[in-house]
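*Asks:* Residue numbers (the numbering used here), protein chains in the order written: chain A, 102 to 334; chain B, 102 to 334. Input: one structure, supplied below.
Number of protein chains: 2
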Amino acid sequence: MENQGKGLHGRVLESLGPAITAGDYPPGTVLRTDELEERFDVSRTVIREAIRVLESMQLVASRRRVGVTVRPTEEWNVYDPRVIGWRLAGRDRPRQLRSLTVLRSAVEPVAAGLAAIHATPEQCADLTEQAMGMVATSRGQQLDRYLVHDMAFHHVVLTASGNEMFARLGDVVAAVLTGRTQHHVMFTDPDPAAVSLHVQVAEAVRVGDAARAESLTREITVGAMAELDVLAP
Amino acid sequence: MENQGKGLHGRVLESLGPAITAGDYPPGTVLRTDELEERFDVSRTVIREAIRVLESMQLVASRRRVGVTVRPTEEWNVYDPRVIGWRLAGRDRPRQLRSLTVLRSAVEPVAAGLAAIHATPEQCADLTEQAMGMVATSRGQQLDRYLVHDMAFHHVVLTASGNEMFARLGDVVAAVLTGRTQHHVMFTDPDPAAVSLHVQVAEAVRVGDAARAESLTREITVGAMAELDVLAP
DNA sequence: AGGTCTTGAATAAGTCGTACCTAATGGGTT
DNA sequence: AACCCATTAGGTACGACTTATTCAAGACCT
Chain A
102 MENQGKGLHG RVLESLGPAI TAGDYPPGTV LRTDELEERF DVSRTVIREA IRVLESMQLV
162 ASRRRVGVTV RPTEEWNVYD PRVIGWRLAG RDRPRQLRSL TVLRSAVEPV AAGLAAIHAT
222 PEQCADLTEQ AMGMVATSRG QQLDRYLVHD MAFHHVVLTA SGNEMFARLG DVVAAVLTGR
282 TQHHVMFTDP DPAAVSLHVQ VAEAVRVGDA ARAESLTREI TVGAMAELDV LAP
Chain B
102 MENQGKGLHG RVLESLGPAI TAGDYPPGTV LRTDELEERF DVSRTVIREA IRVLESMQLV
162 ASRRRVGVTV RPTEEWNVYD PRVIGWRLAG RDRPRQLRSL TVLRSAVEPV AAGLAAIHAT
222 PEQCADLTEQ AMGMVATSRG QQLDRYLVHD MAFHHVVLTA SGNEMFARLG DVVAAVLTGR
282 TQHHVMFTDP DPAAVSLHVQ VAEAVRVGDA ARAESLTREI TVGAMAELDV LAP
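So, in structure tokens, the structure goes:
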């Protein structure tokens, strides 16, 4: 997972990115190139490349004679995986988890419905396998192993939908599920009803019942939203 | 809209990006820095910065002793506004329009439901105003003026949802609507039923009826999906 | 002889430092 | 108030050096 940090500009990025997304540099703050150059003890080239990436994420805008200014939050590329990661690791993790869970609640049911139509036999088998895995690990404080199957399950659903935009949200859902597990009390087993819903979704997708797959998945996400109220403001 | 093209690296980006996303350089293709340097007649610095941005979009991966290799489509940051723009302008525009419309159909109904709960009085007024504007321009070959209100309407809904992830999809929806209009016969007025639905959504949001706002918006997106079948394979 | 392992040269990206260019800003002049 | 110019900080260029990776030749073992 830690494919970042490659090269010096990667290191600079991994320092500035989290800082900006965490709000350490409020919108409007100006960063001067030579100041950063000195702070990180790297050449101008390195700083500029890091800035270019931050700029492509719409986190900053660089203007001549002014400097590199932090852009307002509403303009950030909040779908960039790295931005999502930084924000989840930072201060407003609760807010971010909320946003992503709401997004999930919108996307996953529709994705499941499409999966019921487009899923290949292999994907159906995979789905059933993951659901069985969830059942098997749902009792006896094996939340970490349960999580693996849970993530895989939702990843398959999103991929099987046949929509590339949905498929690319697999990592987002994985991050949300991981966040949920981490904040859970480690001795609380998953809700049996949720586990059952996953099994039923797998079955609905297998038999091609789109409406049922969508409706069941909606129940799952409603549950996820409800859980969230316990954990986040 | 054309805030890009700033600087030489911007120009390089605007040349390489569309080419890659259009499939002119199939995944696995290697681009060498000095070759590009020569092709665009710019310095190494400029090429490197363009490459860094493409890399941050997950369009390419740069490895030592190998070169800059184009990554497989499934790994692209398909939510990056520029990637979306390039693909919409390129060869597989139909596919892209389909993907985005499906995404819309998942997101907008939920967003409308949330908007009914969170919308400020100003946003409600704005929404009604845009809906009225749509009514006023829905007859008599004023598709361009109708489009402005249509885009504004959906933008307000997404923003009023209170979810930043939804709000950032405003541009995407705008692009889809624009694409729809451009491919429409210029003498075909919008479907009166669709116009009516927008008015009803505005009203539902105003009175805070989330379920109705969601359901009505779902009808709108279903209509959009149906339209799509006429235009795309 | 066939195959695996080691080693080293070739290569292309990564980094650096400096010099110069360009545009936006702000103050001073008319 | 309109205009102009010096200042400033990012943008670009070039050349030298560094480092990771690859690939192939040669040593080594089976």
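The C-beta atom is built at its ideal place from N, Cα and C for all residues, glycine as well. Being a predicted model, the structure only gives us computed values, none of them experimental.
1) With 16 other CB atoms within 10 Å as the buried threshold, where does residue 314(A) fall?
2) Here's a check: name, in chain order, each residue in its chain whose Cβ is nearer than 8 Å to the Cβ of residue 330(A), leaving out the five neighbours to either side.
3) Whose C-alpha, out of 217(B), 240(B), 227(B), is nearest the C-alpha of residue 253(B)?
4) Within the 9 Å Cβ cut-off, does residue 330(B) reach chain A?
5) Across which residues does DSSP place residue 170(B) in a beta bridge pair?
6) Using a Cβ-Cβ cut-off of 7 Å (strictly less than) and excluding sequence neighbours within five positions of residue 236(B), which residues of its own chain qualify?
7) By the DSSP assignment, the alpha helix (DSSP H) with residue 282(A) in it spans what residues?
8) Cα separation between residue 210(A) and residue 321(A)?
9) Please classify residue 273(A) as buried or exposed, where buried requires at least 16 neighbouring CB atoms within 10 angstroms.
10) Just verifying my parser: in three-state terms, what is the DSSP assignment at residue 102(A)?
11) Does any C-beta atom of chain B lie closer than 9 Å to the C-beta of residue 206(A)?
12) Check whether chain B comes within 9 Å of residue 102(A), counting only Cβ atoms and requiring the distance to be less than that.
13) Between which two residues does the alpha helix (DSSP H) holding residue 116(A) run?
14) Return the residue from the list 147(B), 290(B), 173(B), 277(B) that minimises the CA-CA distance to residue 196(B).
15) Counting only the same chain and skipping the five closest in sequence on each side, list residues whose C-beta sits under 8 Å from that of residue 161(B).
16) Taking C-beta to C-beta, are residue 187(B) and residue 119(B) nearer than 9 Å?
17) Quick one: does residue 268(A) have its CB under 9 Å from some CB of chain B?
18) Quick check on this structure: which residue in 175(A), 270(A), 222(A), 267(A) has the alpha carbon closest to the alpha carbon of residue 263(B)?
19) In this structure, how does DSSP classify residue 212(B) when only helix, strand and coil are distinguished?
20) On a CA-only basis, which of 114(A), 215(A), 142(A), 213(A) is nearest residue 184(A)? Give me that one, please.
21) Check whether the stretch 202-209 of chain A and the stretch 241-249 of chain A touch, using three or more Cβ-Cβ pairs below 8 Å as the test.
22) May I have the straight-line CA-CA distance separating residue 283(A) from residue 247(A), to the nearest angstrom?
23) Run through chain A and tell me which residues come within less than 8 Å of residue 265(B), C-beta to C-beta.
24) Under the rule that 16 or more other beta-carbon atoms within 10 Å means buried, what is residue 135(A), buried or exposed?
25) Between residue 250(B) and the rest of its own chain, which residues show a CB-CB distance below 7 Å, the 5 nearest in sequence each way excluded?
26) Does any residue of chain B have a CB that is nearer than 9 Å to the CB of residue 120(A)?
27) Could you tell me which chain A residues have their CB closer than 8 Å to the CB of residue 62(B), listed as they occur along the chain?
28) Would you list, in chain order, the members of the stretch 226-255 of chain A that have their beta-carbon closer than 9 Å to a beta-carbon of chain B?
29) Thinking C-beta only, is residue 220(B) closer than 9 Å to residue 318(B)?
30) Taking only beta-carbon atoms, is residue 215(A) less than 9 Å away from chain B?
31) Could you compute how far the alpha carbon of residue 167(B) sits from the alpha carbon of residue 142(B)?
32) Would you identify the three-state DSSP class for residue 177(B), choosing helix, strand or coil?
33) Can you pull the chain B neighbours of residue 150(A), defined as C-beta to C-beta under 7 Å?
34) Thinking just about the alpha-carbon of each residue, which of 107(B), 193(B), 216(B) is nearest to the one in residue 94(B)?
35) Could you round the C-beta distance between residue 65(B) and residue 325(B) to whole angstroms and report it? I think they count as a contact, below 8 Å.
36) Return the residue from the list 259(B), 201(B), 257(B), 310(B) that minimises the CA-CA distance to residue 280(B).
*Replies:* So, from the data block:
1) Here the question's residue 314(A) lines up with position 213 in the first sequence. It counts as buried.
2) Along the first sequence, one-based indexing puts residue 330(A) at 229. None.
3) Residue mapping note: residue 253(B) aligns to position 152 of the second sequence, counting from 1. Among 217(B), 240(B), 227(B), the Cα nearest to that of residue 253(B) belongs to 227(B).
4) Residue 330(B) sits at position 229 when you count from the first residue of the second sequence. When Cβ-Cβ separations below 9 Å define contact, residue 330(B) makes no contact with chain A.
5) Numbered from 1 along the second sequence, position 69 holds the residue referred to as residue 170(B). Per DSSP, 131(B), 162(B).
6) The residue labelled residue 236(B) in the question sits at position 135 within the second sequence. These residues qualify, in order along the chain: 296, 300.
7) Taking the first sequence and counting its residues from 1, one reaches residue 282(A) at position 181. Membership of residue 282(A) in the alpha helix (DSSP H) is indicated by the continuous run 271-284.
8) Position 109 of the first sequence, counting from 1, holds the residue named residue 210(A). Position 220 of the first sequence, counting from 1, holds the residue named residue 321(A). The C-alpha of residue 210(A) lies about 9 Å from the C-alpha of residue 321(A).
9) Here residue 273(A) refers to the residue found at position 172 of the first sequence. Result: buried.
10) Translated into positions along the first sequence, residue 102(A) becomes position 1. With a pLDDT of 40 at residue 102(A), under the threshold of 50, the modelled position of this residue cannot be trusted; read the value that follows with caution. The answer is coil: DSSP assigns residue 102(A) none of H, G, I, E or B.
11) Looking up residue 206(A) in the first sequence gives position 105. Under the 9 Å criterion on CB atoms, residue 206(A) is classed as interfacial with respect to chain B.
12) By 1-based counting over the first sequence, the position of residue 102(A) is 1. Annotation note: pLDDT 40 at residue 102(A) (below 50); position unreliable, no value reported.
13) Translated into positions along the first sequence, residue 116(A) becomes position 15. Per DSSP, residue 116(A) is one residue of the alpha helix (DSSP H) stretching across 108-123.
14) Sequence index remark: in the second sequence, residue 196(B) carries index 95 (1-based). Selected option, being the one with the closest Cα: 277(B).
15) Start at 1 with the first residue of the second sequence, and residue 161(B) comes out as number 60. Once the five neighbours on either side are set aside, the close Cβ partners of residue 161(B) are 121, 132, 152, 155, 169, 170, 171, 172.
16) To locate residue 187(B), count along the second sequence from 1; it is residue 86. To locate residue 119(B), count along the second sequence from 1; it is residue 18. Yes, they are a contact pair.
17) Stepping through the first sequence from its first residue, residue 268(A) is reached at position 167. Answer yes: the Cβ-Cβ gap between residue 268(A) and chain B drops below 9 Å somewhere.
18) Numbered from 1 along the second sequence, position 162 holds the residue referred to as residue 263(B). Taking only the C-alpha atoms, the option nearest residue 263(B) is 175(A).
19) The residue labelled residue 212(B) in the question sits at position 111 within the second sequence. Of the three classes helix, strand and coil, the one that applies to residue 212(B) here is helix, per DSSP.
20) Here residue 184(A) refers to the residue found at position 83 when the first sequence is read from its first residue. Measuring from the Cα of residue 184(A), the nearest candidate turns out to be 114(A).
21) Judged by pairs of C-beta atoms under 8 Å, the stretch 202-209 of chain A does not touch the stretch 241-249 of chain A, as fewer than three such pairs exist.
22) The residue you call residue 283(A) lines up with position 182 of the first sequence. The residue you call residue 247(A) lines up with position 146 of the first sequence. Roughly 12 Å between the two C-alpha positions.
23) Translated into the one-based positions of the second sequence, residue 265(B) becomes position 164. Neighbours of residue 265(B) in chain A, taken as residues at a C-beta separation under 8 Å, are given in chain order as 174, 175, 179, 200.
24) The residue you call residue 135(A) lines up with position 34 of the first sequence. Residue 135(A) is exposed by the Cβ-count criterion.
25) Within the second sequence, numbered from 1, the residue matching residue 250(B) stands at position 149. Hits under 7 Å: 231, 234, 235, 238.
26) Residue mapping note: residue 120(A) aligns to position 19 of the first sequence, counting from 1. Residue contact check for residue 120(A) against chain B: no CB pair falls below 9 Å.
27) The structure shown has nothing for residue 62(B), since chain B only spans 102 to 334.
28) Residues: none.
29) By one-based count along the second sequence, residue 318(B) stands at place 217. By one-based count along the second sequence, residue 220(B) stands at place 119. In this structure, the beta-carbon distance from residue 318(B) to residue 220(B) does not fall below 9 Å.
30) Working through the first sequence from its first residue, we reach residue 215(A) at position 114. Closer than 9 Å: yes.
31) As a first step, residue 167(B) is located in the second sequence; it is residue number 66 there, counting from the start. As a first step, residue 142(B) is located in the second sequence; it is residue number 41 there, counting from the start. Their backbone Cα atoms lie some 22 Å apart in a straight line.
32) Sequence index remark: in the second sequence, residue 177(B) carries index 76 (1-based). In the structure shown, the three-state DSSP call for residue 177(B) is coil.
33) Stepping through the first sequence from its first residue, residue 150(A) is reached at position 49. Simply 149, 150, 153.
34) One cannot answer for residue 94(B) here, as it falls past the ends of chain B, which runs 102 to 334.
35) Only positions 102 to 334 of chain B appear in this structure, which leaves residue 65(B) out of reach.
36) For the purposes of this step, residue 280(B) is identified with residue 179 of the second sequence, where counting begins at 1. The shortest Cα separation from residue 280(B) among 259(B), 201(B), 257(B), 310(B) belongs to 201(B).
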